[in-house]
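Heads up, the thing below is written out as structure tokens.
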Amino acid sequence: SRAVEGVDEGSGRYTVKLREGGALALKLANLLQMAEVRLVGLAASMAEHEGATGTIFERNAEAEMYGVELASGQSLPVGYANVRLADGAHGIVDGLQGAAQYNGLVARVLEFEESSGRYLALLDGGKQLRLRPQNLRL
48 SRAVEGVDEG SGRYTVKLRE GGALALKLAN LLQMAEVRLV GLAASMAEHE GATGTIFERN
108 AEAEMYGVEL ASGQSLPVGY ANVRLADGAH GIVDGLQGAA QYNGLVARVL EFEESSGRYL
168 ALLDGGKQLR LRPQNLRL
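Here the sequence shown is numbered in the working numbering, starting from 48 and rising by one per residue.
This is the structure:
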């Protein structure tokens, strides 16, 4: 496995330790957090997986889809809007139009508000945003 060891604030690159030894310095856009997620709101053809948990292993930004591996080993393509991140997960704000100044910033999930269908997320500096699932990507 690989692990982020730190970030160089000057370059904005994350130092990732490799299992074989050595390290890489990567931009945030080139990292994928292999987070555990819960599947929700799935199409009828995948309804049997509603509420299942899995691990994100791939991101297709153009299609706005994640590859999610279930505990059974089965892999599914799942839309950004059909995963629920755990409280404490970190994501990147993306696709905001009315508040585009926040796009590209890292936010930490405080909670998912079922009533609004949005994440309450915290930016560095203390600013809180309410984000639709498709506006907070890993």
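For each residue, glycine too, the CB sits at the ideal point set by N, CA and C.
Original post:
Which residues in the same chain as L157 place their Cβ atom closer than 8 Å to its Cβ, once the five residues preceding and following it in sequence are excluded?
Top reply: Working through the sequence shown from its first residue, we reach residue 157 at position 110. Within the same chain, L157 has close Cβ partners D134, Y166, L167, A168, L169, Q175.
**OP:** Mark N182 as exposed unless 16 or more other C-beta atoms lie within 10 angstroms of its C-beta, in which case mark it buried.
**Re:** For the purposes of this step, residue 182 is taken as the residue at position 135 of the sequence shown. Buried, since its Cβ has 16 or more Cβ neighbours within 10 Å.
Original post:
Quick one, which of G57, V153, A108, S163 has its alpha-carbon nearest I139's?
Top reply: Taking the sequence shown and counting its residues from 1, the one referred to as residue 139 is at position 92. With distances taken between Cα atoms, I139 lies closest to V153.
Original post:
Does the Cβ of V187 have 16 or more other Cβ atoms within 10 Å, making it buried, or fewer, making it exposed?
Top reply: Because the chain in this structure spans residues 48 to 185, residue 187 falls outside the shown range and cannot be described.
Original post:
To which residues of the same chain is G88 closer than 6 Å at the C-beta, ignoring the five residues directly before and after it?
Top reply: Within the sequence shown, residue 88 is the residue found at index 41, counting from 1. Result list for G88: N129, in chain order.
Subject >> Distance, T62 Cα to D55 Cα >> reply: Position 8 of the sequence shown, counted from the first residue, corresponds to residue 55. Position 15 of the sequence shown, counted from the first residue, corresponds to residue 62. Those two C-alpha atoms are separated by around 8 Å.
**OP:** Please say whether Y127 and E111 have beta carbons closer to each other than 8 Å?
**Re:** Reading the sequence shown from its first residue, position 64 is the one you call residue 111. Reading the sequence shown from its first residue, position 80 is the one you call residue 127. Yes, they are a contact pair.
Original post:
If you draw a straight line from the C-alpha of A70 to the C-alpha of A91, how long is it?
Top reply: By one-based count along the sequence shown, residue 70 stands at place 23. By one-based count along the sequence shown, residue 91 stands at place 44. So the two alpha carbons sit approximately 43 Å from each other.
Original post:
Just how far apart, CA to CA, sit A136 and A108?
Top reply: Residue numbering aside, residue 136 sits at position 89 when the sequence shown is read from its first letter. Residue numbering aside, residue 108 sits at position 61 when the sequence shown is read from its first letter. Distance between the alpha carbons of A136 and A108 is about 19 Å.
Subject >> Limits of the beta strand (DSSP E) - the one that P124 falls within >> reply: For the purposes of this step, residue 124 is identified with residue 77 of the sequence shown, where counting begins at 1. It spans 122-126 - the beta strand (DSSP E) in which P124 sits, taken as one unbroken run.
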